[in-house]
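Using the working numbering, you'd call the opening residue of the sequence shown number 1 and step up by one each time.
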Amino acid sequence: YATSAKANQALVVNATSALRIEISNYLLALDPVAAVKEGFGEEIELLSGLNVDGIITTNWDQFLEHLFPDYKTYIGQRQLLFSNPQEIGEIYKIHGCVSEPQSLVLTSDDYFAFQERNPYLAAKLITVFVEHPVIFIGYSLADPNVASLLRAIALCIGPEHVEHLRKNLIFVQRLKADEAPGIADTYLAIDGVQIPLVLVKTNDFSEVYRALGATRRKIPARVLRHCKEQLYELVKSLEPEKKLCIVDIDEIERKDDVEFFVGVGVATQDSPAVGERGYEAIEIKDLVGDALHEDRGFDASRIVNSVIPRVGRYSRYVPVFKYLRAVGIESWDDYERRGLKLEKWAEHKIKDYRVDVYAAGYKKRKDLSMKDLIDGSTPENAAVYIPFLPPEEIDLNLLREFLIKHEEKVDAKGNYSTYFRKLVTLYDRMKWGWGWTE
């Protein structure tokens, strides 16, 4: 304790600071993948792959940030009340977070202050509860925090409109002894107001996550949030936009890449087999499948000369080295002699395969082997951590096995699909490419 006190003395602001700091340090030291190791791997994998609009939690730990690293986090009521949440791709930690020890709702004074602001919090979140289904996981119907929030929302909308919440409030609970799994409509009585809700009882939350995963949007939540955020900035500033960029919707990794998005989510029609329509029907997913399975029998010359420039117009991450190798190009000298114009897809540096926002998370795992990284992470997290490994530590057989197992995640309809596509192109580069560029 003396060591901790000395190290954190600058963070002490009142008599409760020491306890807050120690609690935060304890939770920060917990293994974020312990749930995977304890037999909840399937549930965690399904949960992390969901494309939900937002998450509201009273938990202090950073497990949700680990599962949804692209989501923006709002810590505490004050940050939420005085911010501009977009209600898409966000985590609301209304009881604080270990990253800010003073934000923890811990003492009786904290709870009193929380209750004082509760009506304002409810007003801020009321559109979330009215316009979106809200699923309570890990909370009891008798939880006073839940009851107080629902009470405030009921007061805001009035008892005559409370029926608008029907089907929008869903509670998922573990089974008690002798209970059977099931779904039922019920009511929660709060101060004389009957609030309608749906109660789901099951010991297998993976069923719930699969149902949620079946409702999938083309555009990831993180991109929708950026769109709303940039629209807000446009209206607020009234300044003309300076950047216009046409990219694949899943290539947008940070909002600084572009200042506004237009025409996202353009639909594509399913293409018949290559044999019926020829090479004009080949898409990136076909090249990905060929890189992983090596069974398509494509004409490498046609892929290099026409397919890659076409399918890669709006994406930098397309398998290319397999086909360059197949047409006899085995070095940069060979490439330059052929006069090809594929630099957009071939001249990636190591850092291009890495996503900057995950660098801090990888540092905590830098001593893990590739196998341990995969076994101890969700597929989404493993996909972004693997490129941070030194190239000599990347096992290509293990990487191929991992990518084939999660091949459906490369589909543009999936959340985090860009990261898996990047990983496929890294595999393509390492197996058939040459000469790393730092």
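Built from N, CA and C at the ideal position, the CB exists for glycine as well.
Residue state for Asp110 is assigned as helix, using DSSP reduced to three classes. Minimum Cα-Cα distance from Lys349 among the listed residues Ala360, Arg337, Val327 and Phe388 corresponds to Phe388.
For Ala180, the closest alpha carbon among the candidates Leu165, Leu199 and Val288 is that of Leu199.
Under a 10 Å Cβ-count criterion, Phe82 is classified as exposed, with fewer than 16 other Cβ atoms of the shown protein chains found around its own Cβ. Straight-line measurement puts the Cα of Glu280 at about 32 Å from the Cα of Gly49. Distances from the alpha-carbon of Pro119 to those of Thr57, Glu407 and Ser148 put Ser148 closest. Cβ neighbours of Ala359 within its own chain (closer than 8 Å, five residues either side excluded): Phe388. By the Cβ test, the region 394 to 414 is not in contact with the region 70 to 81, since fewer than three Cβ pairs between them sit closer than 8 Å. The region 123 to 157 is shown to contain whole alpha helix (DSSP H) runs of 4 or more residues at 144 to 157, in chain order. Per DSSP, reduced to three states, the secondary structure at Asp333 is helical. With 16 or more other Cβ atoms from the protein chains shown falling within 10 Å of its own Cβ, Gln62 counts as buried. Gln173 and Leu399 have their C-alpha atoms roughly 37 Å apart.
Annotation for Ala291: the continuous alpha helix (DSSP H) segment containing it runs Ile284 to His293.
Taken through DSSP and simplified to helix, strand or coil, Lys176 comes out as coil.
DSSP places Gln194 outside any alpha helix (DSSP H); the residue lies instead in the beta strand (DSSP E), whose first and last residues are Val193 to Lys201. For the pair Val318 and Leu287, the CB atoms are nearer than the 8 Å cut-off. Relative to Trp60, the option among Asn51, Thr73 and Gly54 whose CA is nearest is Thr73. Going by C-alpha positions, Val307 is about 17 Å away from Arg338.
Distance between Asp109 and Asp204, taken at the CA atoms: about 38 Å. Contact between the region 363 to 372 and the region 329 to 336 is absent: fewer than three C-beta pairs spanning the two stretches fall below 8 Å. Phe321 and Arg429 do touch by the CB rule: their CB atoms are close to 6 Å apart, below 8 Å.
Counting only residues of its own chain and dropping the five nearest sequence neighbours on each side, Trp345 has a CB closer than 7 Å to the CB of Ile308, Gly312, Arg316, Val318 and Val320.
Under the three-state reduction of DSSP, Asp352 is assigned to helix.
Its Cα nearest to that of Val384, the residue Thr425 stands out among Thr127, Glu347 and Thr425. The distance from the Cβ of Val162 to that of Ala154 is about 6 Å, consistent with a contact at the 8 Å cut-off. Note on Glu116: under 16 other CB atoms within 10 angstroms of its CB, so exposed under the neighbour-count rule.
With respect to Ile170, Leu188 sits apart: the two C-beta atoms are not nearer than 8 Å.
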